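Chemist:
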Amino acid sequence: MRRSVIIGTGHYLPERVVPNSWFEDRLDTTDEWIRSRSGIERRHFAAEGQTTSDLAIRAGRAAMEKAGIGPEDLDGVVLATSTPDFTFPAVATMVQAGLGIKRGFAYDVQAVCAGFVFALANADAMIRAGLASRVLVIGSETFSRIMDWTDRSTCVLFGDGAGAVVLEAQEAAGTSDDRGILASDLNSDGSLRELLYVDGGVSTTGTAGHLRMQGNLVFRHAVEKLAKTAHVALQKAGLTPSEVDWMVPHQANMRIITATAQKMGLPMEKVVLTVADHGNTSAASIPLALSVADSENRFQPGQLIVTEGIGGGLSWGSVVLRW
């Protein structure tokens with residue numbers, strides 16, 4: 145049975161590290177206040193002139209090197225972002241050119257913090273349908289560009305970064321070699337769009353705008369919907385939470401991650417955490433966490449991994465895979 149298998153991971157974080165103390169000089173906040181409410185200690189901000197595509201190219205190249213492939217081996221690039229370099233073309237096309245990929249498709253997916261899950265499921269569907277054999281899937285964000293630096297409830301939470309995986313079609317992955325993506329579950333509810341959005345756009349204000357969030361309501365929806373989508377994806381794969389070896393969640397904040405793990409019945413020892421060091425990097429957070437854990441050799445062959453994310457829209461989803 146043809147399955148999509150992750151054969152390489154990579155990530156890139158901008159050089160500039162911003163500790164919580166940076167905000168103490170600019171806002172009515174403290175390091176203790178930020179840590180206690182989010183679990184975040186520091187985050188990375190892109191340098192002036194450094195774009196979402198710049199970060200994505202670095203992460204994509206690292207994933208390709210880990211996979212041992214060149215640009216000629218890829219059939220496409222699927223990139224998740226809400227902070228593109230331009231309104232168009234797609235960031236993925238700039239990454240394609242930057243990596244020297246001369247053929248195949250390249251397009252963006254926009255589902256905010258759930259973007260990488262949607263992109264991964266998208267690429268998996270194309271591989272299963274026989275439309276591609278190898279796809280580079282990236283999540284890349286420069287959320288520091290859309291922050292309202294007077295809003296302490298949001299600007300302290302987000303950071304910039306990029307993560308990537310290479311998906312490869314393997315015919316034996318679903319038979320003699322049990323690995324690869326097993327199931328996915330994707331959802332959206334546009335009636336909840338005002339809970340988390342950016343107040344700018346081409347056809348509305350003509351400006352980039354700033355992020356706006358009703359944090360308490362987002363928290364309630366996140367915990368309920370993340371646990372449910374993970375359960376649904378596991379059920380589709382014929383599995384239960386008790387069989388999960390690792391949960392790699394969207395790194396929104398520690399409160400959401402902890403509450404979701406509890407609802408799933410998973411101990412925190414099974415949860416990959418990067419939120420303290422990266423903050424919320426939106427669509428980049430899950431591939432960043434996957435790559436960091438992979439670089440630390442935390443995943444073992446055959447282990448069951450569940451990823452889940454929720455973002456503006458609201459949109460949320462989960463992908464279950466075997467390493």
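Everything in the sequence shown is counted per the working numbering, starting at 145 for the first residue and increasing by one.
Heads up, the beta-carbon is just placed ideally off N, CA and C, and yes, glycines get one too.
These numbers were taken from a predicted model, which means no experiment stands behind them.
Just to confirm before moving on: does the CB-CB distance between V310 and A211 stay below 7 Å?
Modeler: Between V310 and A211, the gap from beta carbon to beta carbon is short of 7 Å.
Chemist: Can you have a look at Q254 and say buried or exposed, based on whether 16 or more other CB atoms are within 10 angstroms of its CB?
Modeler: buried
Chemist: I think P431 touches F260, with their Cβ atoms under 8 Å apart; what is that distance to the nearest whole Å?
Modeler: With 8 Å as the limit, P431 and F260 qualify as a contact, their Cβ atoms being about 5 Å apart.
Chemist: Check whether the region 433-445 and the region 169-185 touch, using three or more Cβ-Cβ pairs below 8 Å as the test.
Modeler: no
Chemist: Exposed or buried, S288, counting other C-beta atoms within 10 Å across all chains shown (16 or more means buried)?
Modeler: Residue burial annotation: S288 is buried, with at least 16 other C-beta atoms found within 10 angstroms of its C-beta.
Chemist: Does the Cβ-Cβ distance between A433 and G283 come in under 7 Å?
Modeler: no
Chemist: Report yes or no: do three or more beta-carbon pairs, one from the region 228-245 and one from the region 330-339, lie closer than 8 Å?
Modeler: no
Chemist: Please list the terminal residues of the continuous beta strand (DSSP E) segment that includes I213.
Modeler: Careful: I213 lies outside any beta strand (DSSP E) and carries neither H nor E.
Chemist: Buried or exposed for K246, going by 16 or more other Cβ atoms inside 10 Å?
Modeler: exposed
Chemist: Return the chain-ordered list of same chain residues with a C-beta closer than 8 Å to the C-beta of G353, the five sequence neighbours on each side being excluded.
Modeler: Contacts found: I290, V342, D343, G344 and G345.
Chemist: Is the region 204-220 touching the region 291-305 in the sense that three or more CB pairs, one from each, lie closer than 8 Å?
Modeler: no
Chemist: Quick check: the region 364-373 against the region 399-409, are there 3 or more CB pairs under 8 Å?
Modeler: yes
Chemist: The beta strand (DSSP E) that contains G154, what's its start and end?
Modeler: Residues R147 to Y156.
Chemist: For a quick check, are the C-beta atoms of A420 and G183 less than 7 Å apart?
Modeler: yes
Chemist: Would you mind sorting S462 into buried or exposed? The rule is 16 or more other CB atoms within 10 Å of its CB.
Modeler: buried
Chemist: Can you name the start and end residues of the alpha helix (DSSP H) that A420 belongs to?
Modeler: V419 to H422
Chemist: In the DSSP output, which residue or residues are listed as bridge partners for N331?
Modeler: DSSP, once it has assigned bridges, lists W460 as partnering N331.
Chemist: State the Cα-Cα distance for the pair V388 and P233, rounded to the nearest angstrom.
Modeler: 39 Å
Chemist: From the DSSP output, which residues share a beta bridge with M391?
Modeler: Bridge partners of M391 according to DSSP: V415 and V450.
Chemist: With DSSP collapsed to three states, give me the class of G307.
Modeler: strand
Chemist: Quick one: grab the DSSP three-state call for I282.
Modeler: In the structure shown, I282 adopts extended strand secondary structure according to DSSP, grouped into three states.
Chemist: Which residues mark the beginning and the end of the beta strand (DSSP E) in which G220 is found?
Modeler: G220 to A224
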